[in-house]
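Asks: Just passing along the structure, written as structure tokens.
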């Protein structure tokens, strides 16, 4: 059929080109008819389908209300709650989908679908309108007495007043947000000399003899649970992880020789990156992992960072054993716990 | 659209009564609101038809679902951080300390019929809201719909996207469970990394130290009043501008920058778009019914001590979490005794700032290169803007790498990889993959343009093989119709733009020469490599070439070729 190739030339030379450019052939006049356009039977079928969808919607509403009426909301039966959720949800789904699918099917099969054209107009106002607008503004400025170069005092003062007026509301509003604004609170926890290390959450004190090698304790300070005020804020700063290593594995940091006791060592549980609890302890490697961003700290080595986005080691809580054999703090942490902030070292 | 009764049509009494009532109501309203003129303007307004135009509709409709389900939730939620002991029906929480916010969330889930469904519908709708906004934005980006005169509406849409993230995050944090509480603590850590004022922002936000007693009520006000109020106002402005500008349209025969071709608002889009609201609602209801989401009673109330592995924020916050995970810690520095936590500041503040800043300003960034000042109402096919498409895919790639890093524990677990190796790999990938993605996408786009070029010159392959008498086989190519060809040749052929000369007539350097030099280079980056659209002259030449070939064969073998069908 080589003529197919040959015939292209004669076809294209004739149409679609003017002044060496292709010409927009325009919106096609011919409209491809849908089945419902030409076949009354198909149109009737589409109509029935649309009506059926609306019928499904009505059934869905009934189902949703049935689900509600027969629900069991005693609060302890998970299966009953799931049944209600399922029945009502599917009911609402059908009630909505029926209307939606019906309407769209109607639009796609039965509504006229011939392309129509609407002209656009440039958004720019006409020159005349612009000139008119400027004229009006000039008139207004003249009426107010503050034309170009006049009444500078008025203009300056009204502008200054308007700019400053919001402060009358904003300063007290923002000022109240932070309460006492005592940001130095960030630097201290409730650990004091002699505060017993107790188990989280019940608060039973821990004896050194209870801590076997390889074990790990989640620790809160004694007295935390009895706090009337600010309990959760104190807990957010004071939580500690207590582990016991074989003393031979423990590489005690210079200056901290008496901060641990026979391989028992305590670190702040709050990550020095952005403050998640560093709760995952790997017994074999002595690594502490923060599950939020995977900062990894080496417990045997001053809790230094060995991987991840944290920079600083976890602060160490100096501990000792009191007369009754319980583990107690020697002091508060010697640095702020948790994430870094601008005045951390000040 | 009531038909006035005429002599020949005998309307039944009920119909005419209905007509009279409708007419009366219309008259009453019109005399007070000019609704007649408005209806005349609106009713037959033309909208072009394309599936990608419904992405924004999904965003709008899921927002309506959010408002409806949210109003129901506020009837049962108690925005308070007061501590209570749980005394509800759920065995696993018996006697636990929790905030009233958490208690009321559990209560509405288990003791209010349909309450859990509403919570799940609300949460799913929120995920779909943010996802559809981002997808809609991608559609606008890749088709160039942000160009003049729509730059300002792009900014409105951008702000809506940011607001949707704020709405999502504040809502996610309200139940005061362990997961959202740890999320808030991460935000607190990020805020504290801001130099100079970080500590004070944190203290002001939480009304003291984290977590304080005021955050949930404050976020509640933001979540149900401030943010939705802003979103509603911006949605109104967004839609107003859509009507003012009239909708963009894809290229095609008869589609120009001076018209809009499509179907009328009434009845077609009333039914299609109106119906689509119900479809979106229905699908979200189905998700809420079938797929459990955020089962806070399994996580437990917020307590600063516990945390579990494999916890992810909602998808739209993942890229920030990924940034936090990927950054090595060594960037934290101390300058003059002050701590500058660049390991947090860069991924969580600077990077999102640059990313969103680039997106917000993109219409102007591209306009530097084009130097074009005209109104654009016909969309680009993405292949016809290879550099823009490449940049878009590079941005998405960058985002996806961060999202994957934000789920690195899950990815590592799934593929049995070392989580540390994975993070190190992503540290390289986050720089290299976007560059590769840009280059590959640009090449693919230009390849597609060349394919279009071929198609115009030689027609579409038909799959019909023909043998000549000489034994040679050829495949018959069907010529394109004028309409098909127009889509492929009508794109704008933008060339690198020279932004003015360096010196004036006296050889003195003009002001702003550096800026113009940058713009010229930027323009070259965009348009240096390009595939020119076929001209009629090229097409004619291609056909003469074919015709000559065919002629030559005819002369050589003067027999009927039609008989040699393969």
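Chains as they are written, first to last, in my numbering: chain R, 757 to 1102; chain P, 166 to 731.
Think of the CB as a built atom: it goes at the ideal place given N, C-alpha and C, for glycine as much as any other residue.
Is the number of C-beta pairs between the segment 809-825 of chain R and the segment 842-862 of chain R that are closer than 8 angstroms three or more?
Replies: yes
Asks: Can you have a look at residue 574 of chain P and say buried or exposed, based on whether 16 or more other CB atoms are within 10 angstroms of its CB?
Replies: Position 409 of the second chain, counted from the first residue, corresponds to residue 574 of chain P. With 16 or more other Cβ atoms within 10 Å, it is buried.
Asks: Can you find a C-beta in chain R that's less than 8 angstroms from the C-beta of residue 789 of chain P?
Replies: A question about residue 789 of chain P goes unanswered here, because the residues of chain P that appear run from 166 up to 731.
Asks: Taking contact to mean 3 or more Cβ pairs, one atom from each stretch, closer than 8 angstroms, check whether the segment 875-888 of chain R and the segment 422-442 of chain P are in contact.
Replies: yes
Asks: Does residue 450 of chain P come within less than 8 angstroms of chain R when only Cβ atoms are used?
Replies: Along the second chain, read from residue 1 onward, the residue named residue 450 of chain P stands at position 285. So, interface residue.
Asks: Rounding to the nearest angstrom, what Cα-Cα distance links residue 1080 of chain R and residue 951 of chain R in this structure?
Replies: Here the question's residue 1080 of chain R lines up with position 324 in the first chain. Here the question's residue 951 of chain R lines up with position 195 in the first chain. If you take the alpha carbons of residue 1080 of chain R and residue 951 of chain R, they lie about 13 angstroms apart.
Asks: Output needed for residue 222 of chain P: all residues of its chain with C-beta closer than 7 angstroms, excluding positions within five of it in sequence on either side, in chain order.
Replies: Here the question's residue 222 of chain P lines up with position 57 in the second chain. Excluding positions up to five away in sequence, the list reads 438 and 441.
Asks: If you follow the alpha helix (DSSP H) that residue 594 of chain P is part of, which residue opens it and which one closes it?
Replies: The count along the second chain starts at 1 and reaches residue 594 of chain P at position 429. Start and end: 584-623.
Asks: Please return the same chain residues whose Cβ sits closer than 8 angstroms to the Cβ of residue 914 of chain R, not counting the five positions on each side in sequence.
Replies: Locating residue 914 of chain R in the first chain gives position 158, counting from the first residue. Nothing meets the Cβ criterion.
Asks: DSSP three-state call for residue 700 of chain P: helix, strand or coil?
Replies: Start at 1 with the first residue of the second chain, and residue 700 of chain P comes out as number 535. Coil, per DSSP.
Asks: Once you ignore the five residues that flank residue 273 of chain P on each side, which residues in its own chain have a CB closer than 6 angstroms to its CB?
Replies: By 1-based counting over the second chain, the position of residue 273 of chain P is 108. Closer than 6 angstroms at the Cβ level, and outside the excluded window around residue 273 of chain P, lie 241 and 280.
Asks: Suppose only complete runs of 4+ residues qualify. What are the alpha helix (DSSP H) ranges in the segment 762-835 of chain R, listed by chain order?
Replies: 791-794 and 796-825
Asks: Classify residue 255 of chain P as helix, strand or coil using the three-state DSSP reduction.
Replies: To locate residue 255 of chain P, count along the second chain from 1; it is residue 90. It is coil, neither helix nor strand.
Asks: Note down, in chain order, every chain R residue with its Cβ under 7 angstroms from the Cβ of residue 702 of chain P.
Replies: The residue you call residue 702 of chain P lines up with position 537 of the second chain. Within 7 angstroms Cβ-Cβ: 776.
Asks: List, in order along the chain, the chain R residues whose C-beta lies closer than 7 angstroms to that of residue 353 of chain P?
Replies: By 1-based counting over the second chain, the position of residue 353 of chain P is 188. Contact of residue 353 of chain P with chain R by beta-carbon distance below 7 angstroms involves 1031.
Asks: Who are the neighbours of residue 824 of chain R on chain P, taking C-beta pairs under 9 angstroms?
Replies: Locating residue 824 of chain R in the first chain gives position 68, counting from the first residue. Within chain P, the residues near residue 824 of chain R are 278 and 279.
Asks: Between which two residues does the beta strand (DSSP E) carrying residue 1063 of chain R extend?
Replies: Reading the first chain from its first residue, position 307 is the one you call residue 1063 of chain R. It spans 1060-1063 - the beta strand (DSSP E) in which residue 1063 of chain R sits, taken as one unbroken run.
Asks: Return the chain-ordered list of same chain residues with a C-beta closer than 6 angstroms to the C-beta of residue 208 of chain P, the five sequence neighbours on each side being excluded.
Replies: Looking up residue 208 of chain P in the second chain gives position 43. Shown here for residue 208 of chain P: same chain residues with a beta carbon closer than 6 angstroms to its own, the five before and five after excluded, namely 431 in chain order.
Asks: At the 8 angstroms Cβ level, is residue 795 of chain R part of the contact set with chain P, yes or no?
Replies: In the first chain, residue 795 of chain R corresponds to position 39, counting from 1. Cβ-Cβ to chain P under 8 angstroms: no for residue 795 of chain R.
Asks: Which value, in whole angstroms, describes the spacing of the CA atoms of residue 802 of chain R and residue 384 of chain P?
Replies: Looking up residue 802 of chain R in the first chain gives position 46. Looking up residue 384 of chain P in the second chain gives position 219. Cα to Cα, the separation comes out at about 50 angstroms.
Asks: For residue 256 of chain P, return the contacting residues in chain R, with the cut-off set at a CB-CB distance below 7 angstroms.
Replies: Position 91 of the second chain, counting from 1, holds the residue named residue 256 of chain P. Ordered by position in chain R, the residues that pass the 7 angstroms Cβ test against residue 256 of chain P are 832.
Asks: Report the rounded CA-to-CA distance for residue 762 of chain R versus residue 411 of chain P, giving the unit in angstroms.
Replies: For the purposes of this step, residue 762 of chain R is identified with residue 6 of the first chain, where counting begins at 1. For the purposes of this step, residue 411 of chain P is identified with residue 246 of the second chain, where counting begins at 1. Unreliable positioning characterises residue 762 of chain R in this predicted model, as indicated by a pLDDT of 30, which lies under 50. A coordinate reading is not provided.
Asks: By the 10 Å Cβ neighbour count, where 16 or more other Cβ atoms means buried, how is residue 990 of chain R classified, buried or exposed?
Replies: Within the first chain, residue 990 of chain R is the residue found at index 234, counting from 1. Residue 990 of chain R comes out buried.
Asks: Classify residue 1095 of chain R as helix, strand or coil using the three-state DSSP reduction.
Replies: Your numbering for residue 1095 of chain R matches position 339 in the first chain. Here residue 1095 of chain R sits in coil by DSSP.
Asks: Is the segment 287-306 of chain P touching the segment 448-464 of chain P, taking contact as three or more C-beta pairs under 8 angstroms?
Replies: Touching, per the Cβ criterion.
Asks: Do you know offhand how far residue 166 of chain P's Cα is from residue 811 of chain R's?
Replies: Stepping through the second chain from its first residue, residue 166 of chain P is reached at position 1. Stepping through the first chain from its first residue, residue 811 of chain R is reached at position 55. Confidence at residue 166 of chain P is low in this model, with a pLDDT of 41, below 50, so the placement of that residue should be treated as unreliable; the coordinate-derived value is given next. Cα-Cα distance, rounded: 26 angstroms.
Asks: Which residues, in order along the segment 622-635 of chain P, keep a beta-carbon less than 8 angstroms from a beta-carbon of chain R?
Replies: 624, 629, 631 and 633
Asks: Counting only the same chain and skipping the five closest in sequence on each side, list residues whose C-beta sits under 7 angstroms from that of residue 944 of chain R.
Replies: On the first chain, residue 944 of chain R is found 188 positions in, with the first residue counted as 1. Taken in chain order, the residues that qualify are 1088.
Asks: Determine the direct distance from the alpha carbon of residue 1098 of chain R to that of residue 546 of chain P, and round the result to whole angstroms.
Replies: Within the second chain, residue 546 of chain P is the residue found at index 381, counting from 1. Within the first chain, residue 1098 of chain R is the residue found at index 342, counting from 1. For residue 546 of chain P and residue 1098 of chain R, the distance between alpha carbons rounds to 49 angstroms.
Asks: Measure from the C-beta of residue 784 of chain R to each C-beta in chain P and report whether the shortest distance is under 8 angstroms.
Replies: Walking along the first chain from the start, residue 784 of chain R turns up at place 28. Output row for residue 784 of chain R: interface = yes.
Asks: As an exercise, report each continuous beta strand (DSSP E) stretch of at least 3 residues that is fully enclosed by the segment 432-520 of chain P, in chain order.
Replies: 497-500 and 503-506
Asks: Using DSSP with H/G/I as helix, E/B as strand and the rest coil, what is residue 1090 of chain R?
Replies: Translated into the one-based positions of the first chain, residue 1090 of chain R becomes position 334. Residue state, collapsed to three classes: coil.
Asks: Would you give the residue range spanned by the alpha helix (DSSP H) that residue 684 of chain P belongs to?
Replies: Along the second chain, one-based indexing puts residue 684 of chain P at 519. Note, residue 684 of chain P: alpha helix (DSSP H), 678-692.
Asks: Can you check whether the C-beta of residue 1100 of chain R is within less than 8 angstroms of a C-beta belonging to chain P?
Replies: Your numbering for residue 1100 of chain R matches position 344 in the first chain. Yes - at least one Cβ of chain P is within 8 angstroms of the one on residue 1100 of chain R.
Asks: Pull up the CB-CB distance for residue 972 of chain R and residue 997 of chain R, whole angstroms please, since I reckon it's below 8 angstroms.
Replies: As a working note, residue 972 of chain R is residue 216 in the first chain. As a working note, residue 997 of chain R is residue 241 in the first chain. That pair is a contact at about 7 angstroms.
Asks: Can you list, in chain order, the residues of its chain whose CB lies under 7 angstroms from that of residue 703 of chain P, leaving out five sequence neighbours each side?
Replies: Against the second chain, residue 703 of chain P aligns to sequence position 538. So the qualifying residues of the chain are 622.
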